[in-house]
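In this note's numbering, the protein residues as written are 4 to 167.
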């Protein structure tokens with residue numbers, strides 16, 4: 004009887020050891036899968052944010068493509084270019100689209116003011132944003148940089164202005 008109890012204890016210990024090893028392995032695989040999935044989602048999210056920002060800017064430019072209404076001006080202490088859309092009518096105001104602190108922002112200001120960088124509505128979080136006229140001056144070139152898997156990617160769009 005003692006020998007049988009000893010064998011049963013060893014068998015029980017071995018089964019428990021196998022179950023523990025199986026559990027640790029399964030947990031490791033699940034953890035790696037969750038980490039990989041989160042990494043992919045973060046990469047796609049950054050790309051989607053950049054595409055949404057570019058689409059938003061293109062829509063604003065196309066909506067306001069009238070003679071002299073769209074300008075590019077220097078903005079803030081770092082003197083980066085910003086898009087300024089002049090709205091004149093019953094109420095005079097300017098719509099600013101600019102980059103500040105990792106975010107593309109839109110802000111509506113009185114014609115004599117420029118945004119202070121902290122105000123406005125966030126369009127998207129990106130690495131960097133550049134806007135300029137092309138070499139002929141009849142198109143606006145928008146460049147959005149975002150991080151994808153540790154690498155900096157670029158989305159670029161050129162909008163030819165009908166009013167230019």
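Using N, Cα and C, we set each Cβ at its ideal position, and we do this for glycine too. The model shown is predicted, which means the values in this text are computed figures rather than measured ones.
- Take residue 36, set aside five residues on each side of it, and no residue of its chain has a beta-carbon closer than 6 Å to its own.
- The DSSP-derived three-state label of residue 30 is helix.
- Put simply, of 81, 16, 67, 138 the residue whose alpha carbon is nearest the alpha carbon of residue 91 is 67.
- Under the DSSP assignment, residue 84 falls in the beta strand (DSSP E) whose first and last residues are 83-90.
- Contact annotation: residue 83 and residue 59 have beta-carbon atoms that are not nearer than 8 Å.
- Rounded to whole angstroms, residue 85 and residue 49 show a C-alpha spacing of 22 Å.
- Between residue 159 and residue 130, the C-beta spacing is not below 8 Å.
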